[in-house]
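First comes the structure, then the notes that go with it.
In the working numbering, the protein residues as written are 10 to 389.
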């Protein structure tokens, strides 16, 4: 963005969109299942079928679960169904595991368009909708709705297909602005913005804003936390690391002295003393998973309704040695009894986003309408 242009104009904003545009298709009752492909490497030659899967994919199912999948005739070797778990594998053999279709948990499907051009689209993601496939949610995701929409639009246009994809994530229970790229170039540049979110570009002054330090990307959230925060503003710099946790294959992010640096600027908007809660605005200058939930709980003010994180930035139920080995009909682990990161119930909203356009470099400012519970009394 040229400095002269930025100094003489206020940032463009999605609020100028004259009509509210939404899209979304209702979810089918069952998804299509999944298919996983593997090629047997020389180092795995001689292993039995059950040894291969139970060792390589132990996070997907326990040993008995993989036995069940094999006996259900869900695995083929070179196109042939094999139900013998002790079948020996040869180098170069092609393995295919077919995960049976299942009914995914309920999730909203309607998405509001906050900003869109040929290069990117910003959505207002509802709470309860997962961004990318994972766990029980493989079809009921933002990505699926984007793909369905792109397919429908491409059939009506001769200008070629676009392949919109999210360039960052929001927790399933978090609502608000989700930025998606529509071209490979835009994806590359937007992803770099999020990866380098702490670099300062320059300072600008706008008529409706005080001096704003413009990084590659600015992310501002609203949250409702428990307890009354005394300070008007505070900075949280607690590192965030990972620990082993039941039901989360890759581990759970928590406040940890040995973790990666993370910084959150918190500003109190309204203290609701009678309800023992505080409405806050949070600007994050890093993007660690669940950073706001962890940081606010670390200082003793967890998000109201957060089923997972409590004071100190730690999980509510934490016994790393307790692993549930029971498995579902398809052989995979059952939904864990303890809370997991994707659980909803808290109030966190990605409210404002500002960034240079990935192609034109024009400053784009996007606002997502606030849920009523996250509005200050003067905003209602």
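The beta-carbon is built from N, C-alpha and C at its ideal position, and this holds for glycine as well.
query                                                                                                                                                                  : result
So residue 120 is in the beta strand (DSSP E); what residue range does that whole segment cover?                                                                       : 120–125
Could you give the residue range of the alpha helix (DSSP H) that holds residue 306?                                                                                   : 300–307
Heavy atom of the ligand ATP less than 8 Å from the Cβ of residue 165, yes or no?                                                                                      : In the structure shown, the ligand ATP is absent, as is every other ligand, since no ligand is present at all.
Would residue 45 be called buried (16 or more neighbouring beta carbons within 10 Å of its own) or exposed?                                                            : exposed
For the segment 80–104, list the beta strand (DSSP E) runs that are entirely contained and at least 3 residues long, ordered along the chain.                          : 84–86
Hey, could you find the ends of the alpha helix (DSSP H) residue 156 is sitting in?                                                                                    : 151–165
Does the beta-carbon distance from residue 374 to residue 384 come in below 9 Å?                                                                                       : no
Straight-line CA distance for residue 267 to residue 321?                                                                                                              : 15 Å
On the DSSP letters alone, give me the boundaries of the beta strand (DSSP E) that residue 201 sits inside.                                                            : Taken as a continuous stretch (DSSP letters only), residue 201 belongs to no beta strand (DSSP E), being part of the alpha helix (DSSP H) at 193–204.
Please state if the CB of residue 249 and the CB of residue 234 are separated by a distance shorter than 9 Å.                                                          : no
Indicate the three-state DSSP secondary structure (helix, strand or coil) for residue 176 in the structure shown.                                                      : coil
In the DSSP assignment, find the alpha helix (DSSP H) that holds residue 240 and state where it starts and stops.                                                      : Here residue 240 belongs to no alpha helix (DSSP H), and DSSP marks it neither H nor E.
To the nearest angstrom, how far is the alpha carbon of residue 109 from that of residue 59?                                                                           : 18 Å
For residue 55, which residues of its own chain have a beta-carbon under 8 Å away from its beta-carbon, when the five flanking residues on both sides are left out?    : 97 and 98
Is it the case that the segment 350–359 contacts the segment 268–281, given that we only count it when at least three CB pairs across the two stretches are under 8 Å? : no
Over what stretch of residues does the beta strand (DSSP E) that includes residue 276 continue unbroken?                                                               : 273–281
Taking the alpha carbon of residue 363 as the point to measure from, which residue in 304, 229 and 301 has its own alpha carbon closest?                               : 229
Could you tell me which of 287, 196 and 232 sits nearest to residue 366, measuring between CA atoms?                                                                   : 196
Measure the Cβ-Cβ separation of residue 62 and residue 50 and say whether it is below 9 Å.                                                                             : no
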